[in-house]
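The C-terminal residue of the sequence shown carries number 286 in the numbering used here, and the numbering is unbroken.
Every residue, glycine too, gets a C-beta built ideally from N, C-alpha and C.
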Amino acid sequence: MTAAPAVPKRARPRRLPTHLTLLLVCGVWTVPVLGLLVSSFRPAYEISTTGWWRAGEGRLTTDNYRDVLATGGFGTALANSLLITVPAVVAMVAIGSVAAFALARMSFAGRRAVTVAMIALLALPVQMTLVPVLRLYNAAGLTGTFAGIWLVHLGFGLPFAIYLLRTFFAGLPEEVFEAAALDGASTLTTFLRVAVPVSGPAIASVAIFQFIWVWNDLLIALIFLGGDPGVAPLTVAVSNLVSATTGQGWQLLTAAAFVAMAVPMVIFFALQRYFVRGLLAGSGK
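Shown next as structure tokens:
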């Protein structure tokens, strides 16, 4: 096993400003999150009278989370967010992978036109499509249903997923696919046994992007699901709590906000290494 090449001593001082800048940016992003986390465990009186950095002088409690999840309806909203996000992301990744592989590795009439149209859809603002799509949904009876919101997220997210995965599939070595063809592998076999296994980091990156986007969505959920608590996700529940909070109940808002952001954070940190590898995929080809 060969040792990693040593970094020249002259190069280390040059990286010091970069490292300090990164530490500063991370600190700027971390401090508000830390303050939100600490405040979510503090009683209402202490939140309104002292800052979160003085939490050691008071007491910490889990009553805020208990009240939010048990009596605030956020338990149902959390389940709704999972029911919306997980199927939508799985469908996005599955369909996007197949479409991206076809555009990158299969020859058919109109492939260039389809690719150009798909890239053009990336520049189409979502807000321009909301009214006509909502009218179609009302006519089809899909408004306020999980199936309807899955289709909406699938339609809005597929161009981005296809674009990223197509770029990765197109950068894979041609010799690998030629060897698979010589061994008699069909197109489906080549996709499942050659392209997908080596594309794990890229697929994971797309999944993380889409998971965070769908999980944090508020506009589409409000339009196509409405404010019904039976189907409302966490973003809608937090929005309703913000509207209802007029000087009281801020301790519940901090707990609800951290519940809403905890799941994407866990997903990101769990798949961080795949995410970084996916972003760097193809850079050396």
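Using the beta-carbon count (16 or more within 10 Å), is residue i buried or exposed?
i	result
residue 128	exposed
residue 120	exposed
residue 218	buried
residue 51	exposed
residue 175	exposed
residue 93	buried
residue 41	buried
residue 187	exposed
residue 22	exposed
residue 230	exposed
residue 196	buried
residue 274	exposed
residue 32	exposed
residue 200	buried
residue 39	buried
Would a C-beta distance cut-off of 7 Å place residue i and residue j closer than the cut-off?
i	j	result
residue 261	residue 223	no
residue 37	residue 259	yes
residue 162	residue 207	yes
residue 59	residue 47	yes
residue 213	residue 160	no
residue 89	residue 215	yes
residue 166	residue 98	yes
Would you kindly work out how many angstroms separate the C-alpha atoms of residue i and residue j, rounded to a whole number?
i	j	result
residue 183	residue 154	39 Å
residue 145	residue 252	30 Å
residue 158	residue 211	7 Å
residue 239	residue 25	30 Å
residue 30	residue 86	25 Å
residue 257	residue 69	6 Å
residue 168	residue 132	32 Å
residue 173	residue 112	19 Å
residue 20	residue 27	10 Å
residue 78	residue 114	41 Å
residue 192	residue 226	36 Å
residue 255	residue 139	35 Å
residue 96	residue 15	45 Å
residue 101	residue 54	49 Å
residue 76	residue 65	13 Å
residue 45	residue 143	41 Å
residue 181	residue 220	45 Å
residue 148	residue 263	25 Å
residue 74	residue 237	11 Å
residue 203	residue 103	16 Å
residue 198	residue 134	36 Å
residue 117	residue 179	27 Å
residue 83	residue 67	20 Å
residue 125	residue 177	36 Å
residue 228	residue 35	30 Å
Taking 6 Å as the line, does the beta carbon of residue i fall inside it for any heavy atom of the ligand MG?
i	result
residue 113	In terms of ligand content, the structure shown is empty, and the ligand MG therefore cannot be addressed.
Please report whether the beta-carbon of residue i lies at a distance below 7 Å from any beta-carbon of chain C.
i	result
residue 147	Within the model displayed, chain C is absent; a lone protein chain is all it includes.
Using a Cβ-Cβ cutoff of less than 6 Å, which residues in the same chain neighbour residue i once the five nearest sequence positions on both sides are dropped?
i	result
residue 272	205, 209
residue 284	Low per-residue confidence applies at residue 284: pLDDT is 44, beneath 50, and the placement is therefore not dependable, though the value from the model is reported in the following sentence. So the list is empty, once near-sequence residues are dropped.
residue 61	42
residue 171	105
residue 122	160
Leaving out five residues on either side along the sequence, give the residues of the same chain with a beta carbon under 7 Å from the beta carbon of residue i.
i	result
residue 136	none
residue 130	none
residue 81	232, 233, 234
Please work out which residues of its chain come closer than 8 Å, Cβ to Cβ, to residue i, disregarding the five sequence neighbours upstream and downstream, and give them in chain order.
i	result
residue 1	The first residue shown for the chain is 2 and the last is 286, placing residue 1 beyond what the model contains.
residue 152	143
residue 49	251
residue 109	103
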